[in-house]
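Down below is the structure, laid out as structure tokens.
There are 2 protein chains.
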Amino acid sequence: MKIINGGVCAAQGFLAGGVHCGIRKNRTKRDLALIYSTAPASAAAVYTTNLVKGAPLTVTKRHLANGRAQAILCNSGNANTCNANGIEIAEQMSELTAAALGLSPDDIVVASTGVIGQPLDIAPIRSGIAPLVASLSEQGGREAAEAIMTTDTVVKEIAVEFTVGGKTCRIGGIAKGSGMIHPNMATMLVFITTDAAVSPAMLELALRTDIAGTFNMISVDGDTSTNDMVTVLANGAAGNPTITAEGDDFSEFMKALNTVNIHLCRMIAGDGEGATKLLECRVSGAPSASVAKTVAKSVVCSSLLKAAMFGADANWGRVLCAIGYSGADVDIAGISVAFESEAGSVEVCRGGAGIPFSEELAKQVLQKKEIVIAVGLHNGSEEATAWGCDLTYDYVRINGDYRT
Amino acid sequence: MKIINGGVCAAQGFLAGGVHCGIRKNRTKRDLALIYSTAPASAAAVYTTNLVKGAPLTVTKRHLANGRAQAILCNSGNANTCNANGIEIAEQMSELTAAALGLSPDDIVVASTGVIGQPLDIAPIRSGIAPLVASLSEQGGREAAEAIMTTDTVVKEIAVEFTVGGKTCRIGGIAKGSGMIHPNMATMLVFITTDAAVSPAMLELALRTDIAGTFNMISVDGDTSTNDMVTVLANGAAGNPTITAEGDDFSEFMKALNTVNIHLCRMIAGDGEGATKLLECRVSGAPSASVAKTVAKSVVCSSLLKAAMFGADANWGRVLCAIGYSGADVDIAGISVAFESEAGSVEVCRGGAGIPFSEELAKQVLQKKEIVIAVGLHNGSEEATAWGCDLTYDYVRINGDYRT
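Sequences listed follow chains A and B, in order. Under the working numbering, the residues of the first sequence are numbered 36 to 439, in order. Under the working numbering, the residues of the second sequence are numbered 36 to 439, in order.
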């Protein structure tokens, strides 16, 4: 497996594009993205668990009932959520896209991201579809990735090449996600494309299995979005024997999917609203995978720890505190904690109590951009990793006046 | 019932004091508090549900097994938590206090608050006990309240006078709490004194019942402290017939206790670390009390909403979002939301969707110091209130470098 360029266009038979259609006032910001598979594709998706769901999710769920799709339309600048006419608008988005591409509306995945509770005007989308379709190209992955950004500060895309059944396949993805992100509630917006041939059922299984250890393990602020969605399209252009059951081919596909998803997870967490640092909590020695996950997530979700990491303060008591209230049944007296980064590693707690450590080294370790909080439970062999970010002045600034 | 002065010394037979003994470097900050009942008292307490528990909680639990206590010793500046010798130190604190007051060590409640995981030196406490006992007076409630403060910016105390069985009784309390505060996990540090005569069992019942709607309904940052504790001492000096069962007398006592606790809750939430505003979420029309509570707590816990309130941004979509992921089974399509303060009231959402409103009025409403977020579920008659605060730059500043 190797990392390649192209994002969602790395896989054969996928075109993408992104334009400014006018949903956003800033004319230099693209706000409408399209991903198109030249052939019909297997499709699977997971959605937010928030009871308040964006209208596009309802419409997409309906369209994906047959496990097939051929295009993804996504706007930024407005979430089309909590609007009386939301479903109608989402359906219109599908119909406009379908008409322009010569598809059926139920082949379209629609997604929206942005402010909740403001009516979404169809006019700019209607006039934007033609130029958007005209912009489709094999080089358009980055434009699509740009068009789905909201408070994101970096474009998030990745692709890898791998082999299934003797055929070279590719899988790539783009993501939008910066605030309103929390574990175990589906995710943010992620669109993944692959030219591997995978049946809809196995694509669904692959996605559901993988997100448990990837997108469900990241948190920026504990707020679960209403519009989260991860969608995968698999168009089979690579020509491998279609994956219809578990086995070696499925395992290879899972590995590639996992590589793409871990990469996007780290990019999303590291680009959390206002974040200056990526936090990675690695829990080992757990009696069960569930305990490991619960502990890892609780640590990366702690506002107090996140603020301490911003300040490069080795306040490990907050790690123990977060473990203690996680709800996981752990033996506190067995816990060890170390902070790690490219500057080194410093153990700060052993047997549930503090140990002497160099504050100077700890400061150096915590001043890096990527911090690992290594928690040892010393009571088993299960592991889990969760990703988050520090809590900063800028998170407050960004969210203190988001609508304007 | 009327509000009176005196805090924890308002009730007859209670003395209090607070000194600087040297746990904190800042010599102008009191760091050791003592509350003393001149007669043996019924005692009850509730504790944090965090598995990581401060050593003082373990020792206090043991001492209160007989339902009696006569003094409370509390230090700030160090939580005496996650230290190998924590229990030993907490026992020594009890013994020193008992010796100085001529009591048995198991009549002492001990509490600590401050940094986790740094050994607590007994030396300053040993040398501080004599001056602390010498400082005890009926006017010392405020000094005690000052001595338990950590990042608190205001002293938190209250007392009320009420009548039970024809006798005038008093109940008062002090609280410490600013960060690491979250609902449903006991609370921060609260010490309550009353001269009403109440049996230990009824005192315990009163406290457990009341905190469900008071201290368990406040959140500052979602982090549950390791050292939370609420303790009540009832010394019977008012001469009322001892309350030993439910009935009118117990109801009167409950009302007074509730008044004290609500007042302290509001002070704690309003003085949340870095907070500029008190947020009060009032949920009405719920199908059950449990749904009402779950919704109210989820709203005041949302980082995104808290940041929006800091910015006086009427981003009501975040209220709906927080309700949606609360876990409560609610009909989103029935929800109404209004923002209220002394500047007026502005309805922003009805039937789960946005309605036109004056942004100007909303801004005025949200610029006040106390904001009510009124949520109507329109699906029953149960209600609940939760308290929180806005999320500000200062929360990050305070917690980015807490240990130094």
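Positions of the beta carbon are idealized from the N, C-alpha and C atoms, including for glycine.
Can you give me the C-alpha to C-alpha distance between residue i and residue j, rounded to a whole angstrom?
i: A221 (chain A); j: D366 (chain B); result: Low confidence applies here, because A221 (chain A) scores a pLDDT of 39, under 50, leaving its location unreliable; read the following figure in that light. Each residue's alpha carbon lies about 21 Å from the other.
i: K96 (chain A); j: A104 (chain A); result: 11 Å
i: E395 (chain A); j: F226 (chain B); result: 39 Å
i: T185 (chain A); j: S333 (chain A); result: 26 Å
i: A247 (chain B); j: G411 (chain A); result: 35 Å
i: A272 (chain A); j: L167 (chain A); result: 24 Å
i: T279 (chain B); j: L108 (chain B); result: 28 Å
i: L314 (chain A); j: D142 (chain B); result: 45 Å
i: A80 (chain A); j: G307 (chain A); result: 23 Å
i: I297 (chain A); j: L224 (chain A); result: 14 Å
i: V383 (chain A); j: S371 (chain B); result: 49 Å
i: S393 (chain A); j: M252 (chain A); result: 31 Å
i: I390 (chain B); j: P154 (chain A); result: 10 Å
i: A343 (chain A); j: R432 (chain B); result: 9 Å
i: A347 (chain B); j: C424 (chain B); result: 13 Å
i: A388 (chain B); j: C300 (chain A); result: 32 Å
i: V255 (chain B); j: A100 (chain A); result: 42 Å
Smallest Cα separation from residue i: which of the options?
i: G200 (chain A); options: A:D156, A:S286, A:D187 and A:G176; result: A:S286
i: A409 (chain A); options: A:D425, A:A419 and A:G415; result: A:A419
i: T132 (chain B); options: B:L292, B:A169, B:G309 and B:G152; result: B:A169
i: L50 (chain A); options: A:A114, A:S77, A:T73 and A:R62; result: A:T73
i: V407 (chain B); options: B:N270, B:V318 and B:I370; result: B:V318
i: G163 (chain A); options: A:C56, A:D429 and A:C384; result: A:C56
i: L138 (chain B); options: B:N293, B:A106, B:K404 and B:M264; result: B:A106
i: Q402 (chain B); options: B:E377, B:N40 and B:V431; result: B:E377
i: G274 (chain A); options: A:A327, A:D230, A:T259 and A:S129; result: A:D230
i: T84 (chain B); options: B:V144, B:S416, B:M264 and B:Q47; result: B:M264
i: L268 (chain B); options: B:A68, B:A368 and B:V233; result: B:V233
i: L242 (chain B); options: B:P75, B:T228 and B:Q174; result: B:T228
i: G41 (chain A); options: A:A349, A:I122, A:V190 and A:S111; result: A:V190
i: R205 (chain B); options: B:A68, B:N120 and B:E196; result: B:E196
Quick check on the DSSP output: the alpha helix (DSSP H) that includes residue i runs from which residue to which?
i: E395 (chain B); result: E394 to L401
i: K328 (chain A); result: A324 to C336
i: Q127 (chain A); result: G121 to L136
i: L292 (chain A); result: D283 to G305
i: A269 (chain A); result: Note, A269 (chain A): premise wrong, no alpha helix (DSSP H); beta strand (DSSP E) at M264 to A269.
i: I157 (chain A); result: I157 to A169
In chain D, which residues lie less than 8 Å from residue i when you measure between Cβ atoms?
i: N118 (chain A); result: Here the protein chains are A and B, and chain D is not one of them.
Verify the CB distance criterion: does residue i have a CB-CB separation below 9 Å to chain A?
i: G152 (chain B); result: yes
i: W422 (chain B); result: no
i: V381 (chain B); result: no
i: T185 (chain B); result: no
i: L299 (chain B); result: no
i: S338 (chain B); result: yes
i: V400 (chain B); result: no
i: G320 (chain B); result: no
i: T427 (chain B); result: yes
i: M220 (chain B); result: In this prediction, M220 (chain B) scores a pLDDT of 43, lower than 50, which makes its location untrustworthy; the coordinate-derived value is nonetheless stated afterwards. At least one chain A Cβ lies under 9 Å of M220 (chain B).
i: T95 (chain B); result: no
Between residue i and chain B, is there a C-beta pair that is closer than 9 Å?
i: N110 (chain A); result: no
i: F345 (chain A); result: yes
i: S371 (chain A); result: no
i: V410 (chain A); result: no
i: K332 (chain A); result: no
i: K88 (chain A); result: yes
i: S260 (chain A); result: yes
i: A419 (chain A); result: no
i: I367 (chain A); result: yes
For the beta strand (DSSP E) holding residue i, just list the boundary residues, first then last.
i: E375 (chain B); result: S371 to S376
i: E382 (chain A); result: G379 to R385
i: S72 (chain A); result: L67 to Y82
i: L313 (chain B); result: L313 to A321
i: V354 (chain B); result: Taken as a continuous stretch (DSSP letters only), V354 (chain B) belongs to no beta strand (DSSP E), being part of the alpha helix (DSSP H) at G352 to G359.
i: V150 (chain B); result: I143 to V150
i: S111 (chain B); result: R103 to N113
i: I58 (chain A); result: Element bounds for I58 (chain A): n/a, residue is neither H nor E.
i: K37 (chain B); result: K37 to I39
**Prompt:** In chain order, which continuous runs of the alpha helix (DSSP H) of length 4 or greater are located wholly inside the region 179 to 258 of chain B?
**Reply:** Runs of the alpha helix (DSSP H) inside the region 179 to 258 of chain B: 235 to 246.
**Prompt:** At which residue ranges does the region 400 to 425 of chain A contain complete beta strand (DSSP E) runs of 3 or more residues, listed in the order of the chain?
**Reply:** The qualifying runs are 405 to 411 and 417 to 424.
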